[in-house]
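The listed protein sequences derive, respectively, from chains S and Y.
Everything in the first sequence is counted per our numbering, starting at 1 for the first residue and increasing by one.
Everything in the second sequence is counted per our numbering, starting at 1001 for the first residue and increasing by one.
Reading through the structure tokens given below for one structure.
Protein chains: 2
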Amino acid sequence: MALLVQKYGGTSVGTIDRIKAVAEKIAGYRDRGNDMVIVVSAMSGETNRLTALAKEIDPAIRGRELDVLLTTGEQVTIALLTTALHQLGYDAVSYTGGQVKILTDNSHNKARILSIDSINIKRDLSAGNIVVVAGFQGVDEKGNITTLGRGGSDTTGVALAAALKADECQIFTDVDGVYTTDPRVVAEARRLDKITFEEMLEMASLGSKVLQIRAVEFAGKYDVPLRVLSSFEDGEGTLITSDINEDDSVEQAVISGIAFNRDEAQLTINGVPDTPGVAFQILGPISEANIEVDMILQNIGADGTTDFTFTVHRNDYDVALSVLKEMAEKLGAREASGNSKINKLSIVGVGMRSHAGIASRMFEILAQEGINILMISTSEIKISVVVEEKYLELGVRALHDGFDLAEDKDE
Amino acid sequence: MALLVQKYGGTSVGTIDRIKAVAEKIAGYRDRGNDMVIVVSAMSGETNRLTALAKEIDPAIRGRELDVLLTTGEQVTIALLTTALHQLGYDAVSYTGGQVKILTDNSHNKARILSIDSINIKRDLSAGNIVVVAGFQGVDEKGNITTLGRGGSDTTGVALAAALKADECQIFTDVDGVYTTDPRVVAEARRLDKITFEEMLEMASLGSKVLQIRAVEFAGKYDVPLRVLSSFEDGEGTLITSDINEDDSVEQAVISGIAFNRDEAQLTINGVPDTPGVAFQILGPISEANIEVDMILQNIGADGTTDFTFTVHRNDYDVALSVLKEMAEKLGAREASGNSKINKLSIVGVGMRSHAGIASRMFEILAQEGINILMISTSEIKISVVVEEKYLELGVRALHDGFDLAEDKDE
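Have a look at this one:
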């Protein structure tokens, strides 16, 4: 008998029939003797419907009243799911974020959880109830309704699991786990049985949209075992945990997956007179334009000048390039240029910490396919390269194959 | 400068354009220096939409989770209306029932208000905010969400006005006030400038659906001046108050209006042996069948027997008649019969307390039209008669004319 926190997203509860199916699934877990706490999102489409209503009044709506509006979405779902559980003959009780209470700071639309009062939920669990909690929402210390921002229901699930010391936090989605890479690009992509929090963070930040980064960070920080499963199919999903290597040999986890990101663009300023503080002089105005920078490279160029390259989200490319061109003139640089037709490609794995030669093997595989590398950046458990957009799929497939990811070594 | 509590019903806030129009109306009152507290219902159709969703899961849904579900309707409206006020440049803040907090008992779906904490609202008013409160909802002492039952937003408005000692509670509806009778029956029906709580209660209980009875009772109990106005047209509406005669001569208020009710049916049991407790023996089984009885008459019949007549809602007629037939056999009564083609017709007015001859004038008017009276019942401020259905309109028009209600004596 375990205490499970399960989170079902908007698609999983998108219709009355799906809510009934979710209730059946929960009932199955309950029948096997588990204590159950369920976190739900708004029915799919509902948040967009409410936002559209509000935008008819204020196209730029944000702040307190948007949270009052949007939190009704999850409140509808908890009432319906709890009713569906009652219909199956189970004791169940619903909670809004405020009723729990999930205390947040007062940053409306993007609040952070400060604490969770678990007393009422524990009492209801002891009394044999299935507890159904509205995700994505909380209250500040004055009782104002807050939201954690879009997708925040994952974070609610993990935070509740941490507060209740649950055995596992299970995130039910429309995919059946975390894959070695995107199966739409590599047909042989394989579902991972396990992955570490760090690897999952790198995969997530690189565009594997299975889980919210914040939820994974939270789970890692509080060491909450996190499992990604399908709402629609049976299966074990992928367990995200810190103790991945306890029952596996270390060898198997050199590379866990290939991640990629199609949303980046590259900007370069060449021939900048190399004086102290030049990096700040260049990136300061970019940051002031509210543009986030991802990779940053600086090389020594010819004649005591320096070349400076960085990547931004493709949506910010035009603004960033015009800022950079102004900057080039001011700094007396030779030229500012950019390329919006690039992609980022990364290999991720905790195993590479202890394995030399992973980087060179990666570059070798890409070279064999004639793929030119435009930028390189490395971290403890990740190596990223920027390549021309046209090489993205070829590169992903070559790396997936070259690092033998298709073979299931866990069995 | 006054403190006004205004309540806008579902039709008044039924679309985004109407919400914007309500915001403009509120802004106008605010501009004239009033402190404003606004109570709103769910957008029209929303409560039905939510109920339909729930009934797909549990056709007989009631209790705690139904309240969790339905209260989202008003929560959406408060967020949208508050946003609309912001867009017009006004400071405004929304409150759910729980945030106020409106403390109720724990009778889900039909809770009663126990107390209202007015501290937060007063603070927001002092700071210059328009306060927008979700009607129809509250919380019990454990923090469970409750609802006051359908139409309970009127009650929320009156209760808030009482708690805040507001100068007036203004109920905005789709009619522009209380009329001397239904204008669809009597074209000359006249809007009343003023009416007493007691008269309004009699009018409301007789089918003038302008206001919820509960709200009028509440307003009378706490002496909250209540005004009914149109959301869509300008005008003074009708003021419902206890001090109606202060600036009018007593003469003018003999009869305030003609009310009627098409939903009744009459049942009679004749020749019941007249023993003590016979009324209870007859009405006990009717009450056990959950049928509410309106008028009750008992006459001495021939030969030491008694005749007993009462009226019920027409929906309950068939059940009541079969119960009564069983009863007739058991009691050795001569016969049980009924008539579902009757209507009730009443004249209402506080003035009749001090005026003899009102009843005989009423009977005279009806007799002149050849209308046979089947039952008579009187109270301090009301005389009701039951007539055959076919005479309803004729009777209403004759009384409206006979008591000179079309002439506006207030001016």
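Heads up, the beta-carbon is just placed ideally off N, CA and C, and yes, glycines get one too.
Residue span of the alpha helix (DSSP H) that contains residue i, given as start and end
i: residue 1024 of chain Y; result: 1016-1031
i: residue 1048 of chain Y; result: 1046-1057
i: residue 285 of chain S; result: 278-288
i: residue 1220 of chain Y; result: 1213-1221
i: residue 156 of chain S; result: 153-164
i: residue 943 of chain Y; result: No answer is possible for residue 943 of chain Y: it lies beyond the span of chain Y, which begins at 1001 and ends at 1411.
i: residue 1119 of chain Y; result: 1119-1126
i: residue 1227 of chain Y; result: Where residue 1227 of chain Y is concerned, there is no enclosing alpha helix (DSSP H), although the beta strand (DSSP E) it sits in stretches over 1226-1230.
Span of the beta strand (DSSP E) around residue i
i: residue 967 of chain Y; result: Lying outside 1001 to 1411, the shown extent of chain Y, residue 967 of chain Y is not represented and no answer is given.
i: residue 338 of chain S; result: 335-339
i: residue 1344 of chain Y; result: 1342-1348
i: residue 1388 of chain Y; result: 1382-1388
i: residue 36 of chain S; result: 35-40
i: residue 361 of chain S; result: It is not in any beta strand (DSSP E) - residue 361 of chain S instead sits in the alpha helix (DSSP H) that spans 358-368.
i: residue 1307 of chain Y; result: 1305-1313
i: residue 261 of chain S; result: 257-261
i: residue 9 of chain S; result: Premise fails: residue 9 of chain S is in no beta strand (DSSP E) and is neither H nor E.
i: residue 141 of chain S; result: Careful: residue 141 of chain S lies outside any beta strand (DSSP E) and carries neither H nor E.
i: residue 392 of chain S; result: Premise fails: residue 392 of chain S lies in the alpha helix (DSSP H), 392-402, not in any beta strand (DSSP E).
Residue of the options minimising C-alpha distance to residue i
i: residue 67 of chain S; options: Y:1093, Y:1045, Y:1068; result: Y:1093
i: residue 1070 of chain Y; options: Y:1048, Y:1087, Y:1088; result: Y:1048
i: residue 52 of chain S; options: Y:1016, Y:1009, Y:1011; result: Y:1016
i: residue 146 of chain S; options: S:398, S:228, S:177, S:104; result: S:104
i: residue 1389 of chain Y; options: Y:1354, Y:1264, Y:1326; result: Y:1264
i: residue 1022 of chain Y; options: Y:1342, Y:1387, Y:1229; result: Y:1229
i: residue 268 of chain S; options: S:74, S:310, S:215; result: S:310
i: residue 332 of chain S; options: S:364, S:365, S:281, S:395; result: S:281
i: residue 1162 of chain Y; options: Y:1222, Y:1300, Y:1064; result: Y:1222
i: residue 1219 of chain Y; options: Y:1189, Y:1174, Y:1165; result: Y:1165
i: residue 1413 of chain Y; options: Y:1032, Y:1024, Y:1085, Y:1149; result: Here chain Y has residues from 1001 to 1411 only, and residue 1413 of chain Y is not among them.
i: residue 319 of chain S; options: S:291, S:344, S:306; result: S:291
i: residue 1090 of chain Y; options: Y:1114, Y:1027, Y:1037; result: Y:1027
i: residue 1096 of chain Y; options: Y:1197, Y:1119, Y:1039; result: Y:1039
i: residue 1142 of chain Y; options: Y:1402, Y:1123, Y:1101, Y:1156; result: Y:1101
Where residue i falls, given that 16 or more other Cβ within 10 Å makes a residue buried
i: residue 1266 of chain Y; result: buried
i: residue 1144 of chain Y; result: buried
i: residue 1126 of chain Y; result: exposed
i: residue 423 of chain S; result: Outside the displayed range of chain S (1 to 411) lies residue 423 of chain S, so it cannot be described from this structure.
i: residue 322 of chain S; result: exposed
i: residue 289 of chain S; result: exposed
i: residue 235 of chain S; result: exposed
i: residue 1380 of chain Y; result: exposed
i: residue 6 of chain S; result: buried
i: residue 138 of chain S; result: buried
i: residue 1368 of chain Y; result: exposed
i: residue 106 of chain S; result: exposed
i: residue 184 of chain S; result: exposed
Any chain Y beta carbon closer than 7 Å to residue i
i: residue 250 of chain S; result: Unreliable positioning characterises residue 250 of chain S in this predicted model, as indicated by a pLDDT of 43, which lies under 50. A coordinate reading is not provided.
i: residue 57 of chain S; result: yes
i: residue 87 of chain S; result: yes
i: residue 77 of chain S; result: no
i: residue 68 of chain S; result: yes
i: residue 15 of chain S; result: no
i: residue 74 of chain S; result: no
i: residue 380 of chain S; result: no
i: residue 288 of chain S; result: no
Short CB-CB distance (under 7 Å) between residue i and chain S
i: residue 1011 of chain Y; result: no
i: residue 1226 of chain Y; result: no
i: residue 1121 of chain Y; result: no
i: residue 1258 of chain Y; result: no
i: residue 1083 of chain Y; result: yes
i: residue 1061 of chain Y; result: yes
i: residue 1156 of chain Y; result: no
i: residue 1311 of chain Y; result: no
i: residue 1246 of chain Y; result: For residue 1246 of chain Y, the pLDDT reaches just 49, beneath the cut-off of 50, and the residue's location in the model is therefore unreliable, although a value from the coordinates is still provided. Not an interface residue.
Interface partners of residue i on chain A, CB under 8 Å
i: residue 1163 of chain Y; result: Given the protein chain composition of this structure (S and Y), no chain A is represented.
Which residues of the region 1017-1050 of chain Y have a Cβ closer than 8 Å to any Cβ of chain S? Give them in chain order. Of all residues in the region 1017-1050 of chain Y, those with a C-beta nearer than 8 Å to a C-beta of chain S are 1019, 1020, 1050, reading in chain order.
Please list, in chain order, the residues of the region 1132-1148 of chain Y that have any C-beta partner in chain S closer than 7 Å. Of all residues in the region 1132-1148 of chain Y, those with a C-beta nearer than 7 Å to a C-beta of chain S are 1143, reading in chain order.
Near-chain Y residues of the region 86-110 of chain S - C-beta to any C-beta below 8 Å: Of all residues in the region 86-110 of chain S, 86, 87, 93, 94, 96, 98, 99 have a Cβ within less than 8 Å of some Cβ in chain Y.
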